[in-house]
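One structure is given here, and the rest of the page talks about it.
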Amino acid sequence: MLKQFYFKQLLSGQDFAHDDPLADEMVNFVYAVGDRDTSEAVLIDPAYDIKGLLRVLEADGMKCVGVLATHYHPDHVGGQMSGLNIEGITQLLTLVSVPIYIQTDETHYVRAVTGVGNDHLVKCSSGETISVGSIEIELIHTPGHTPGSQCFLVEDRLIAGDTLFLEGCGRTDLPGGDPAQMYESLTTKLTKVPDSVILYPGHYYSSESSATMGHTRQHNEVFHHSNRKQWLANFAPFQL
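Numbering (the numbering used here), first residue to last: 15 to 254.
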């Protein structure tokens with residue numbers, strides 16, 4: 015399976031969107047996951063430089079057959095941010111007609127931010143799997159950063175968006191954020207993910223671009239609290 019498994023971690027401002035100062039500042043990761051045997055791939059959180067991302071796939075002999083969104087923020091799916099218009103799924107759909115897989119609770123937010131209608135949005139639930147050729151991607155609903163944040167488990171990799179970083183976790187003070195839900199996502203939803211699985215975050219916020227879940231659980235402070243009250247006291251001091 016590993017020979018046919020196609021996987022790329024692409025850093026904004028370096029691997030694509032080379033001349034975009036915001037992309038360089040935000041250090042987003044975009045992921046490409048697919049099946050080399052069928053030449054099919056999905057893009058996870060495509061933003062900033064859609065043509066550049068499609069060129070990466072084309073250079074590898076792959077074609078985009080879908081998009082998976084971890085959450086609705088413009089640096090992950092496109093839209094207005096910091097007074098700038100970020101390219102994203104709206105522009106991608108003018109080049110390729112593909113389904114956009116989102117968590118059901120994120121539907122309103124994605125529509126509002128991108129203008130993409132229900133005809134292209136596929137609403138998903140936690141535990142569902144998306145197949146790309148023979149590669150299966152499991153969707154895990156992890157609310158907290160946003161109501162419909164989701165992580166993707168595929169071939170011993172966890173693509174976590176802004177739910178979990180190697181150091182820290184996503185903010186919960188933005189619209190739709192909920193620190194109590196974030197605690198539950200980290201301590202309950204992600205407990206099914208073995209220590210051997212490699213965590214791939216949504217941003218390059220640490221010295222390394224990936225680490226095993228075991229290493230992350232040992233060194234990331236978000237896992238160093240024994241109960242919900244203690245966690246909220248440290249990560250959401252104004253939510254108590």
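All residues carry an ideal CB built from backbone N, CA and C; glycine is no exception.
Note that the structure is predicted; figures quoted are calculated from it, not measured.
Is residue j closer than 8 Å to residue i when the C-beta atoms are compared?
{"i": "Tyr86", "j": "Tyr115", "result": "no"}
{"i": "Ala55", "j": "Asn42", "result": "no"}
{"i": "Pro157", "j": "Asp119", "result": "yes"}
{"i": "Cys183", "j": "Val236", "result": "yes"}
{"i": "Tyr45", "j": "Ile173", "result": "yes"}
{"i": "Thr143", "j": "Glu152", "result": "yes"}
{"i": "Val81", "j": "Leu106", "result": "yes"}
{"i": "Leu180", "j": "Pro215", "result": "yes"}
{"i": "Val211", "j": "Val146", "result": "no"}
{"i": "Met227", "j": "Leu213", "result": "yes"}
{"i": "His90", "j": "Gly175", "result": "yes"}
{"i": "Phe19", "j": "Ile149", "result": "yes"}
{"i": "Ser96", "j": "Leu36", "result": "yes"}
{"i": "Lys77", "j": "Ser111", "result": "no"}
{"i": "Ser199", "j": "Thr230", "result": "no"}
Tell me, to the nearest whole angstrom, how far the beta carbon of residue i is from that of residue j; I am working on the premise that it is less than 8 Å.
{"i": "Gly162", "j": "Thr128", "result": "With a Cβ gap of about 14 Å, Gly162 and Thr128 do not count as contacting."}
{"i": "Val70", "j": "Lys22", "result": "7 Å"}
{"i": "Gly92", "j": "Thr104", "result": "6 Å"}
{"i": "Leu135", "j": "Thr121", "result": "6 Å"}
{"i": "Thr201", "j": "Asp192", "result": "Between Asp192 and Thr201 the Cβ distance is about 14 Å, and since that is not below 8 Å, they are no contact."}
{"i": "Phe30", "j": "Leu67", "result": "6 Å"}
{"i": "Asp34", "j": "Asp63", "result": "7 Å"}
Can you tell me whether DSSP reads residue i as helix, strand or coil?
{"i": "Asp38", "result": "helix"}
{"i": "Asp49", "result": "strand"}
{"i": "Phe21", "result": "strand"}
{"i": "Gln253", "result": "Because Gln253 sits at a pLDDT of 40, beneath the cut-off of 50, its placement in the model cannot be relied upon, and the following sentence gives the value as read from the coordinates. Coil, per DSSP."}
{"i": "Val70", "result": "helix"}
{"i": "Ala2", "result": "Given a span of 15 to 254 for the chain in the structure shown, any question on residue 2 remains unanswerable."}
{"i": "Leu106", "result": "helix"}
{"i": "Ala83", "result": "coil"}
{"i": "Ala61", "result": "coil"}
{"i": "Asn248", "result": "helix"}
{"i": "Ser220", "result": "coil"}
Check the DSSP bridge columns for residue i and list the partner residues they point to.
{"i": "Ala225", "result": "Leu213"}
{"i": "Gln94", "result": "Asn99"}
{"i": "Glu11", "result": "With the chain covering 15 to 254 only, the question about residue 11 has no answer from this structure."}
{"i": "Val44", "result": "Leu24"}
{"i": "Val236", "result": "According to DSSP, which records beta bridges pairwise, Val236 is partnered with nothing at all."}
{"i": "His159", "result": "Partner(s): none; His159 has no beta bridge."}
{"i": "Ile149", "result": "Val146"}
{"i": "Ile154", "result": "Cys165"}
Shorter than 7 Å, the distance from the beta carbon of residue i to the closest heavy atom of the ligand FAD, or not?
{"i": "Gly162", "result": "Judged by which ligands are present, the structure shown has none, so any question about the ligand FAD falls away."}
| request: Return the chain-ordered ranges of every alpha helix (DSSP H) run that is complete within the segment 114–145 and spans a minimum of 4 residues. | output: 121–128
As an exercise, report each continuous alpha helix (DSSP H) stretch of at least 4 residues that is fully enclosed by the segment 166–214, in chain order.
193–201
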